[in-house]
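Each residue of the sequence shown is one higher than the one before, starting from 15 at the first, in our numbering.
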Amino acid sequence: MIYHLTEPERWARSQAEGVHTGSSRGVELADEGFIHCSTAEQWPATRARFYADVDPVLLLHIDESKVESEIVYEQLGDAPEPFPHIYGPVPLDAIVAVETLCSRT
């Protein structure tokens, strides 16, 4: 399982489109070339760094086995572990849970 943080408005758009193509906050797959994801250990720090002022923020639980696009674990800067990047759209059936995180969560 890998995880992706997104704003509720962006998730609503994905549901309407039938596929998720949001890369990161305010950035699309078409612009970045991949979708930023995190492991279970990484997403809390990603949330704190990039989504601290988003309330609520959604945590998408992505089943890697249901993603047809290439998933590459890549080192970013001085991060202790590589981050998973999805090089294509994420089908909605690969998103097996959507968790709402509020500032107190």
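Glycine included, each C-beta is placed from N, C-alpha and C at the ideal position.
Provide the residue span of the beta strand (DSSP E) that contains residue i, from first to last.
| i | result |
| --- | --- |
| Ala111 | Ile109 to Leu115 |
| Ser28 | Note, Ser28: premise wrong, no beta strand (DSSP E); alpha helix (DSSP H) at Pro22 to Glu31. |
| Gly36 | Gly36 to Ser38 |
Is it buried or exposed, residue i, if we count other Cβ atoms within 10 angstroms and call 16 or more buried?
| i | result |
| --- | --- |
| Ala30 | exposed |
| Pro94 | exposed |
| Tyr87 | exposed |
| Thr20 | buried |
| Leu90 | exposed |
Return the residue from the list the options that minimises the CA-CA distance to residue i.
| i | options | result |
| --- | --- | --- |
| Ser52 | Glu23, Asp77, Leu106 and Arg24 | Asp77 |
| Ser125 | Tyr101, Val110 and Glu55 | Limits of the chain in this structure are 15 at one end and 119 at the other, which puts residue 125 out of reach. |
| Glu84 | Phe48, Leu74, Ser117 and Arg27 | Phe48 |
Exercise for review: Jot down the residue ranges of each uninterrupted beta strand (DSSP E) in the region 52-108, minimum 3 residues, whole runs only, in chain order.
Suggested key: 71-76, 85-88 and 97-100
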